[in-house]
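Residue numbers (UniProt numbering): 1 to 283.
For every residue, glycine included, the Cβ atom is placed at its ideal position computed from N, Cα and C.
This structure is a prediction, so every number in the text was calculated from the model and none was measured.
Below: the structure, in structure tokens.
Structure representation (structure tokens):
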């Protein structure tokens, strides 16, 4: 980690901004939340990706979800991945996987010896988390205890009932536009790392937590992915928040003055998932 770190206070838990190197020598900005477990037991170590439909968002807009993960007891590495259209697929995934390797390499210092490793994200960031999870499986490194997907963008077809309902009569769809900028060419639309919903092989993946709102634009594609993971024999914990006020927009607010309306329920789901997935990984 860089020797020049800056500790900042915000409505979210305290964090530290620093940089992490890639194999090519490029530096990637990351934000660290949480701390090691005080009892000597390692904390869950989570690599987190913010949302923003692939074209916007930054470490600040990711602070709500990263802060919730930290409040649930995790040590969080939030990544400032490159945005589209300047950096379409596969560049964000490549950076994400390098940051996963970096986090795992430094897991003892970050979260304690033997810390279980997770990936997490909201909206477009959840797509990257799911894609990086597939990459880690195929590369057989590093071992993951779980993936946490909040309102994940998993399918560029933009034809689900939940997405049509959320878009209403609007002639433009920010998610469809985001997909068009993220996918560099037609063939990327069938690549499982870019579009996890298209993955034909789901064997070998870790436990999964999927959270969506009942009127969430990503409701249908998220639950469809959960069903496929369950059919593949994986542990899947899914939760649909009823009458979820401002979901998922509340997850993308930078330094919101008020906590996410579903914060308490999200923390309950995270705590349960960390407990069950950690036990499963250790079995």
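query                                                                                                                        : result
Alpha carbon of residue 131 to alpha carbon of residue 169, nearest angstrom                                                 : 31 Å
Rounded C-alpha distance that separates residue 48 from residue 254                                                          : 15 Å
Terminal residues of the alpha helix (DSSP H) in which residue 218 lies                                                      : That residue, residue 218, is in no alpha helix (DSSP H); it is neither H nor E in DSSP.
Assigned exposure category for residue 234 - 16 Cβ within 10 Å defines buried                                                : buried
Span separating the alpha-carbon of residue 271 from that of residue 72                                                      : 6 Å
Minimum length 4: unbroken alpha helix (DSSP H) runs contained in the region 186-255                                         : 219-231
Residue 152, buried or exposed, once every other Cβ within 10 Å from all chains shown has been counted against 16            : buried
Backbone CA spacing between residue 226 and residue 70 [nearest angstrom]                                                    : 24 Å
Start and end residues, beta strand (DSSP E) containing residue 18                                                           : 15-21
Option nearest residue 173 by Cα separation, candidates 157, 268, 211 and 186                                                : 157
Residue 85 to residue 182 span [Cα, whole Å]                                                                                 : 6 Å
Residues of its chain near residue 265, where Cβ-Cβ distance is below 7 Å and the 5 sequence neighbours each way are ignored : 241
Entirely enclosed beta strand (DSSP E) segments - the region 59-127, minimum 3 residues                                      : 75-79 and 117-122
Stretch pair the region 198-212 + the region 83-101: three plus CB contacts closer than 8 Å                                  : no
Terminal residues of the beta strand (DSSP E) in which residue 47 lies                                                       : 45-49
Opening and closing residue of the alpha helix (DSSP H) in which residue 166 lies                                            : 161-167
Neighbourhood of residue 119 by C-beta, 6 Å cutoff - its chain only, sequence neighbours within 5 removed                    : 47, 129, 132, 133 and 147
Where residue 137 sits in the DSSP three-state scheme                                                                        : helix
Cβ-heavy atom distance, residue 263 to the ligand MN, below 8 Å                                                              : In the structure on display, the ligand MN does not appear, and there are no ligands present to speak of.
Opposing strand residues paired with residue 31 [DSSP bridges]                                                               : 17 and 78
Per-residue DSSP class, three states only, for residue 264                                                                   : helix
Strand pairing of residue 150, partner residues [DSSP]                                                                       : 122 and 211
Minimum C-alpha distance to residue 123 - residue among 136, 221, 140 and 143                                                : 221
Same chain, Cβ closer than 8 Å to residue 161, neighbours up to 5 away in sequence not counted                               : 220
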